[in-house]
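Below you'll find the structure, written out as structure tokens, and then a few comments.
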Amino acid sequence: MANIDLDSQHLQPYDVFESPQKQGNLTGPPRIVRDSIADLYNYIQEWNGEHLKGMALISEICSIKIWHLNKSKFIKNDYPAGLQDYFDRFQEIYNSMELIVSNLKKITNHLEGVMKLYEMKKIITPIFNSWTIQEYVTMSKNVCKMYEEELQLKLYIKENIGHSSSVENVLLYQTIWVQQPYIDKLDLQIEAMLKETSLRQ
Numbered sequence: 000m001a002n003i004d005l006d007s008q009h010l011q012p013y014d015v016f017e018s019p020q021k022q023g024n025l026t027g028p029p030r031i032v033r034d035s036i037a038d039l040y041n042y043i044q045e046w047n048g049e050h051l052k053g054m055a056l057i058s059e060i061c062s063i064k065i066w067h068l069n070k071s072k073f074i075k076n077d078y079p080a081g082l083q084d085y086f087d088r089f090q091e092i093y094n095s096m097e098l099i100v101s102n103l104k105k106i107t108n109h110l111e112g113v114m115k116l117y118e119m120k121k122i123i124t125p126i127f128n129s130w131t132i133q134e135y136v137t138m139s140k141n142v143c144k145m146y147e148e149e150l151q152l153k154l155y156i157k158e159n160i161g162h163s164s165s166v167e168n169v170l171l172y173q174t175i176w177v178q179q180p181y182i183d184k185l186d187l188q189i190e191a192m193l194k195e196t197s198l199r200q
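Residue numbers (numbering that gives the first Met the number 0): 0 to 200.
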């Protein structure tokens, strides 16, 4: 199997945030924004958990595929017997990721609702310290776009790795799953958003 540096994936475990309802007496738009950012962070951690499950599963799939391809160079069927059970589990992981992306979109919709309210009332002051509501909406949209594109890539991997006819392609699919190319440089942005809403001290 390919040697993959997992340390570069920034998939360390994090604490899950409780709703601000239990942390203070925020009301109105600040409450909605803080709740939304806590939810966004928690959904990202859920995604990371599913991603790690997928990494373990895809490693098993790759082992079966590579053994199968090396055993018979002229085999007519590239889909090994017994692989379907693994892909049933793969489908469950994908379904969970799809639900996470759907929930991220709902968060963006909630924040856009707050933004429209602020625009109607001509409010331009920051929600907490320095970020305006527009900045929260922009950040949420960027997160949604990254995860939506990554979800499409994972769907492509799920649908094609089982039918791949070369060891090179199998290993390529595995590497792409691990690297998550569409989810780029989010750590600092998420950290800034958590500190802005006092979810991170």
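Glycine included, every Cβ here is placed at the ideal spot set by N, Cα and C.
Quiz prompt | DSSP state of S35 mapped onto helix, strand, coil | solution = Translated into the one-based positions of the sequence shown, residue 35 becomes position 36. Residue state, collapsed to three classes: helix.
Quiz item: Which whole-angstrom value is the C-beta distance of V136 and L185, which I expect to be below 8 angstroms?
Solution: Translated into positions along the sequence shown, residue 136 becomes position 137. Translated into positions along the sequence shown, residue 185 becomes position 186. With 8 angstroms as the limit, V136 and L185 do not qualify as a contact, their Cβ atoms being about 16 angstroms apart.
Quiz prompt | For F89, three-class secondary structure by DSSP | solution = By one-based count along the sequence shown, residue 89 stands at place 90. DSSP places F89 in helix when its eight states are reduced to three.
Practice problem: Report buried or exposed for I123, applying the criterion of at least 16 other Cβ atoms within 10 angstroms of its Cβ. | Solution: Position 124 of the sequence shown, counted from the start, is the residue given in the question as residue 123. With fewer than 16 Cβ atoms within 10 Å of its Cβ, I123 is classed as exposed.
Exercise. Would you please state the rounded distance, in angstroms, between the beta carbons of L204 and P28? I believe it to be under 8 angstroms.
Key: As displayed, the chain neither begins before 0 nor continues past 200, which places residue 204 out of reach and without an answer.
Quiz item: Applying the criterion that 16 or more other CB atoms from any shown protein chain within 10 Å of the CB defines a buried residue, is A55 buried or exposed?
Solution: Indexing the sequence shown from 1 puts residue 55 at position 56. That one is exposed.
Quiz item: Looking only at C-alpha atoms, which of D38, I132, K194 and Q179 sits nearest to I156?
Solution: Translated into positions along the sequence shown, residue 156 becomes position 157. Among D38, I132, K194 and Q179, the Cα nearest to that of I156 belongs to Q179.
Quiz prompt | Three-state secondary structure (DSSP) of P29 | solution = Here the question's residue 29 lines up with position 30 in the sequence shown. Looking at P29 - three-state DSSP - the assignment turns out to be helix.
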